[in-house]
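Participant:
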Amino acid sequence: MFETKYGYFTEDGKEFVITTPKTPKPWINVISNGDYGMIISQSGSGYSWRTHASLNRITRWEQDLIKDEWGKYIYIKDEMTGDFWSPSWKPTSKEPQEYKLRHGQGYSIFETKYFDIKTNLTMFVSKDDPVEIWKLTIKNTSEKERKLSIYTYLEWNLGAAPDWHREFHKTFIETDFLNGLNCMTAEKRMWEIPNEKGQNWNRNWEYTAFHSVNEKVAGFEGSKEKLLGQYGSISNPKALITGEISNTYGKWEDPIASLKNEILLKPGEEKTLIYLLGTVSKQNTNESVSSLVKKYQTVESVEEEFEKVKDMWDKMLSKFTVETPDKAVDFMLNNWLKYQAISGRLWGRSAYYQTGGAYGYRDQLQDSQIFLYVDPEQTKNQIRLHAAHQFKDGSVYHWWHPISELGYKNNISDNRLWLPFVVLRFLKETNDLEFLKEIIKFLDGGESSLYDHCIRAIHYNLNHMSSRGLPLIGDGDWNDGMNAVGTQGKGESIWLGHFLYGILKDFSVVCKKMGDLANMQRFMDEAEKLKENINKYAWDGEWYVRAFKDNGEPIGSKQNSEGKIFLNAQTWAIINDTATQTRSETAYRSAKKYLFKDYGPLLFQPAFFKPDPEIGYLSRYAPGVRENGGLYTHAGTWAILAASKMKDPETYKIYKSFMPIYRGLEPDKYLAEPYVTPGNVDGPDSPYFGRGGWTWYTGSAAWYFIVGVEGIFGLKPEWEGLRIEPMFPEDWKEVKVKRIFRGKQLNITYKKSDERKILINGVEIDGNIINPELFEESILNVEVLF
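Going by our numbering, the first residue of the sequence shown is number 1303, and it counts up by one from there.
(1) Do Ile1775 and Gly1791 have their CB atoms nearer than 7 Å?
(2) For Met1784, does the count of other Cβ atoms within 10 angstroms reach 16, so buried, or fall short, so exposed?
(3) Please name the residue in Thr1939, Met1618, Thr1623 whose C-alpha comes closest to that of Asn1335.
(4) Classify Val2101: buried if its beta carbon has 16 or more other beta carbons within 10 angstroms, exposed otherwise.
(5) Rounded to a whole number of angstroms, what is the C-alpha to C-alpha distance between Trp1638 and Asp1665?
(6) How do the segment 2024-2033 and the segment 1996-2011 stand: do at least 3 beta-carbon pairs fall below 8 Å, yes or no?
(7) So does Glu2057 have its beta carbon nearer than 6 Å to some heavy atom of the ligand PLP?
(8) Please specify which runs of the alpha helix (DSSP H), each continuous and at least 4 residues long, are wholly inside the segment 1879-1962, giving them in chain order.
(9) In whole angstroms, what is the alpha-carbon distance linking Thr1322 and Pro1704?
(10) Helix, strand or coil, according to DSSP, for Tyr1654 in the structure here?
(11) My understanding is that Tyr1409 touches Ile1333, with C-beta atoms under 8 Å, so please give their C-beta distance in whole angstroms.
(12) Would you kindly work out how many angstroms separate the C-alpha atoms of Ser1548 and Glu1523, rounded to a whole number?
(13) Which residue comes first and which comes last in the alpha helix (DSSP H) that contains Ser1751?
(14) Looking at Ser1795: is its Cβ nearer than 7 Å to the Cβ of Ala1849?
(15) Is there contact between the segment 1874-1893 and the segment 1915-1933, where contact requires at least three CB pairs shorter than 8 Å?
(16) Report back the beta-carbon spacing between Val1519 and Ile1576 to the nearest angstrom; my notes put them in contact at under 8 Å.
(17) Tell me the residue span of the beta strand (DSSP E) that contains Trp1351.
(18) Say whether chain C places a C-beta atom closer than 7 Å to the C-beta of Thr1880.
(19) Which partner residues does Glu1609 have in the DSSP bridge list?
(20) Measuring CA to CA, which of Val1595, Val1978, Lys1640, Gly1995 is closest to Leu1578?
(21) Which first and last residues belong to the beta strand (DSSP E) in which Val1725 is found?
(22) Does the structure place the segment 1842-1856 close enough to the segment 1811-1826 that three or more beta carbon pairs sit under 8 Å?
(23) Would you kindly work out how many angstroms separate the C-alpha atoms of Ile1543 and Gly1384, rounded to a whole number?
(24) Short of 6 Å in beta carbon distance, which residues of its chain neighbour Thr1985, apart from the five on each side in sequence? Order them along the chain.
(25) If you drop the 5 nearest sequence neighbours on each side, which residues of the same chain put their C-beta closer than 8 Å to that of Trp1503?
(26) What do you get for Ser1451, buried or exposed, if any count of 16 or more other CB atoms within 10 angstroms of its CB means buried?
(27) In whole angstroms, give me the CA-to-CA distance for Val2086 and Tyr1964.
(28) Could you spell out the range, first to last residue, of the alpha helix (DSSP H) harbouring Val1811?
(29) Rounded to whole angstroms, what's the CA-CA distance from Ser1350 to Phe1673? Just pull it up for me.
(30) Between Leu1752 and Ile1742, is the Cβ-Cβ spacing less than 7 Å?
(31) Do Lys1449 and Met1382 have their C-beta atoms closer together than 7 Å?
(32) Around the C-beta of Gly1482, are 16 or more other C-beta atoms found within 10 angstroms, so that it is buried, or is it exposed?
(33) So, does the segment 1622-1642 touch the segment 1683-1695, judging by three or more C-beta pairs under 8 Å?
(34) Contact check, Ala1689 vs Leu1726 under 8 Å by CB: the rounded distance?
(35) Using only CA atoms, which one of Val1591, Thr1325, Ser1356, His1354 lies nearest to Ser1343?
(36) Taking Ser1347 as the reference, which of Thr1353, Ile1368, Ile1956, Asn1358 has the closest Cα?
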């Protein structure tokens, strides 16, 4: 399905099969169980971590998307001919006789053939244990006996990454070999995280890393110099040429882990080796190297664990499914968008373009909306976590590091508002008002209800308004790159005004439900004043201004030569009803005219061609790149909500314009993986208009899913229930959706008809809102005639 010269989707859409290692850019998989994670590219490169990909990196890796030659590798050497190769592609880069890489949910499988030796390398992370498993099956397809040596290779990082000062850091690492377990271990006597006294450079790395194989080794190597040779390379290691391996370990090397095995294969014979890489915590007495190595010694135990991983993903992702005339929609909504948001953004928090590892206050809060469709309890957990990273005055960290709990606080003005925003989304989805009463601590002492946490966040913003009654932008708003607009405390954000208005209106309903009539009235009054001021000061004739600088000059106005019109200021005016109907129509027409392009809605136009120090680093990107006049996919998704609200018959066409699967049909223009959303696509001011980048680690995955469900399928959670207002393309005659809502399973069938009505279990209802709580049945069969 959707085949190009680089690969295709399987018929069920659950795997993307890459058929050549020479893809336009690295096409990766982010595999995580929520704690331990690994990334593998189509070349066989990548890295591993536990809990935090930048503070607790296990293996070394360098961000170089052109060479892509840092990773954990396997070499196979034919001892009769001296030929050697890798069962992936890197680092030897030999030309394969056969090559397939299957990226799936929770695993990647290399199926390759070199020199008449066929290999199947299955790589995945255990469902619950902090370990990754490589199952390597080697088959002799030639007509002669083959004597093979197999070597692994990885460089220990053990702590903060990137390990740019290697000559310093290597002096703290100590390796060992556990003969009875065929296992190399590594520890580090220094961790960059401050100790309990706040001292830097004076703390042990609190883990033991290990790398093992299930067969007796013929040797091992803990020294990079001895394996590669001085001035040697990973593509042509000295030890592979000479066959000599030194069994070195200890405190005085540039430390690696390499295990050597020797096998003899008759014609047609195959053998399987099982490699493990993982860590155990010295703080957790339940974890031990010995127990983990022994647990995965047999093919049977590994295959059983592999089935557990696949079953976990299947069960989770199948809670929400669609069946449409467009297989691309099915593949993205049924599998890849949910997987990207969960494994890549929420659990792994790492990818090739941004190695990450921290929690962004607004980032993972927004991402956690994906769990509303498959496991709302996990959205709840994410809300708890973020509420606990709020200060008593309502302000929050911009981001913080798990493990160290060190955070960064700035004055970016939208961060704190995403807490009430996501709480509102959770409440409309679940109607679980009891959650608001849960007591959660503040970062700077004390505790209060979740409801109070949300109230304080809103109050903080209401207390930071300009003299004109517009929100102060501070160090930036949703767009971090506008980091100079309000540094003097006067700059105003119009997008934030639209956003805050919606929260005030919606949260006043929560206040009423909680019996808090004072805040209910205040929020309603403030909302009306805000709406009046936005329309008084920010309407530019054909669209809304995006912001005002400290000196009062507008950004996103027709009087600007660059950055004349911004997307978010139009879409959110429509989404949250700050605009009148007439202004909504005018702003939407302007957005379509200037911003909606072949490859998706641009963040603004035209791009900045010279830096504007009164705007910030947004203007310092190359023109058309990322936020400077490109499609910033996260913002682009919100245009779908605006389009559907405006009843634009082209809503689906706009959604499809930046769908990765269709963009991936031009792989040499698009470059990015066709199975996940990119963070950005170059705009028309770039010579590479249409080029994708910053894939996987982007908030657009969850949002592209949500706007598909709400904007196209028209399934919109509201206080009264689930509103159904589809915006299907004209040629869609029948569509099916399976969706959990307020504890009930809804099996929804849409059918094109001259009638407009909704039936539940065969009985027509009034209107188009379903409240499952009015029905005794746990499964509701819904028929929507549209």
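For glycine and all other residues, C-beta sits at the position ideal for the given N, C-alpha and C.
Facilitator: Well, looking at it:
(1) Residue 1775 sits at position 473 when you count from the first residue of the sequence shown. Residue 1791 sits at position 489 when you count from the first residue of the sequence shown. Contact flag unset, no.
(2) Numbered from its first residue, the sequence shown carries residue 1784 at position 482. Looking at its Cβ environment, which holds 16 or more other Cβ atoms inside 10 Å, Met1784 is buried.
(3) As a first step, residue 1335 must be located in the sequence shown, where it is residue number 33. Asn1335 has its Cα closest to that of Met1618, out of Thr1939, Met1618, Thr1623.
(4) The question about residue 2101 has no answer here: the residues shown for the chain are numbered 1303 through 2088.
(5) In the sequence shown, counting from the first residue as 1, residue 1638 sits at position 336. In the sequence shown, counting from the first residue as 1, residue 1665 sits at position 363. Going by the C-alpha atoms only, they are around 19 Å apart.
(6) Judged by Cβ distances under 8 Å, the segment 2024-2033 makes no contact with the segment 1996-2011, as fewer than three pairs qualify.
(7) The ligand PLP is not among the ligands present in this structure, which contains no ligands whatsoever.
(8) 1883-1896, 1935-1947, 1953-1959
(9) Numbered from its first residue, the sequence shown carries residue 1322 at position 20. Numbered from its first residue, the sequence shown carries residue 1704 at position 402. Roughly 37 Å between the two C-alpha positions.
(10) As a position in the sequence shown, residue 1654 is number 352, starting the count at 1. Assignment of Tyr1654 by DSSP, reduced to helix, strand and coil, places it in the coil class.
(11) Indexing the sequence shown from 1 puts residue 1409 at position 107. Indexing the sequence shown from 1 puts residue 1333 at position 31. Confirmed, about 7 Å.
(12) On the sequence shown, position 246 is the one that residue 1548 refers to. On the sequence shown, position 221 is the one that residue 1523 refers to. The alpha-carbon atoms of Ser1548 and Glu1523 are separated by roughly 6 Å.
(13) Position 449 of the sequence shown holds residue 1751. Premise fails: Ser1751 lies in the beta strand (DSSP E), 1749-1751, not in any alpha helix (DSSP H).
(14) One-based indexing of the sequence shown puts residue 1795 at position 493. One-based indexing of the sequence shown puts residue 1849 at position 547. Their beta carbons are under 7 Å apart, which means Ser1795 touches Ala1849 by this criterion.
(15) no
(16) Walking along the sequence shown from the start, residue 1519 turns up at place 217. Walking along the sequence shown from the start, residue 1576 turns up at place 274. Contact doesn't hold; Cβ gap of about 13 Å is too wide.
(17) The count along the sequence shown starts at 1 and reaches residue 1351 at position 49. 1348-1352 is the extent of the beta strand (DSSP E) around Trp1351.
(18) Of the protein chains in the structure, only one exists, and it is not chain C.
(19) Locating residue 1609 in the sequence shown gives position 307, counting from the first residue. Partner(s): none; Glu1609 has no beta bridge.
(20) Here residue 1578 corresponds to residue number 276 of the sequence shown, with the count starting at 1. The shortest Cα separation from Leu1578 among Val1595, Val1978, Lys1640, Gly1995 belongs to Val1595.
(21) One-based indexing of the sequence shown puts residue 1725 at position 423. Counting along the chain, Val1725 falls outside any beta strand (DSSP E), though it belongs to the alpha helix (DSSP H) covering 1720-1732.
(22) no
(23) To locate residue 1543, count along the sequence shown from 1; it is residue 241. To locate residue 1384, count along the sequence shown from 1; it is residue 82. Roughly 7 Å separates the two Cα atoms.
(24) Residue numbering aside, residue 1985 sits at position 683 when the sequence shown is read from its first letter. Sequence inspection shows Gly at residue 1985; the Thr mentioned does not correspond to that position. Result list for Gly1985: Leu1904, Gly1926, Gly1931, Gly1932, in chain order.
(25) Here residue 1503 refers to the residue found at position 201 of the sequence shown. For Trp1503, where only same-chain residues beyond five positions count, the Cβ hits under 8 Å are Met1492, Glu1494.
(26) In the sequence shown, counting from the first residue as 1, residue 1451 sits at position 149. Flag for Ser1451 reads buried.
(27) By 1-based counting over the sequence shown, the position of residue 2086 is 784. By 1-based counting over the sequence shown, the position of residue 1964 is 662. Separation of Val2086 and Tyr1964 (C-alpha to C-alpha, rounded to the nearest whole angstrom) is 28 Å.
(28) Within the sequence shown, residue 1811 is the residue found at index 509, counting from 1. Counting along the chain, the alpha helix (DSSP H) containing Val1811 begins and ends at 1796-1815.
(29) The residue given as residue 1350 occupies position 48 in the sequence shown. The residue given as residue 1673 occupies position 371 in the sequence shown. For Ser1350 and Phe1673, the distance between alpha carbons rounds to 25 Å.
(30) On the sequence shown, residue 1752 is found 450 positions in, with the first residue counted as 1. On the sequence shown, residue 1742 is found 440 positions in, with the first residue counted as 1. For Leu1752 and Ile1742, yes; Cβs fall inside 7 Å.
(31) Here residue 1449 corresponds to residue number 147 of the sequence shown, with the count starting at 1. Here residue 1382 corresponds to residue number 80 of the sequence shown, with the count starting at 1. Yes. Within cutoff.
(32) Numbered from 1 along the sequence shown, position 180 holds the residue referred to as residue 1482. Exposed, by the Cβ-count rule.
(33) no
(34) Walking along the sequence shown from the start, residue 1689 turns up at place 387. Walking along the sequence shown from the start, residue 1726 turns up at place 424. Rounded, the Cβ-Cβ distance is 14 Å, inconsistent with contact.
(35) Numbered from 1 along the sequence shown, position 41 holds the residue referred to as residue 1343. Of the listed residues, the one whose Cα sits closest to Ser1343 is Thr1325.
(36) Sequence index remark: in the sequence shown, residue 1347 carries index 45 (1-based). Closest by alpha carbon: Ile1368.
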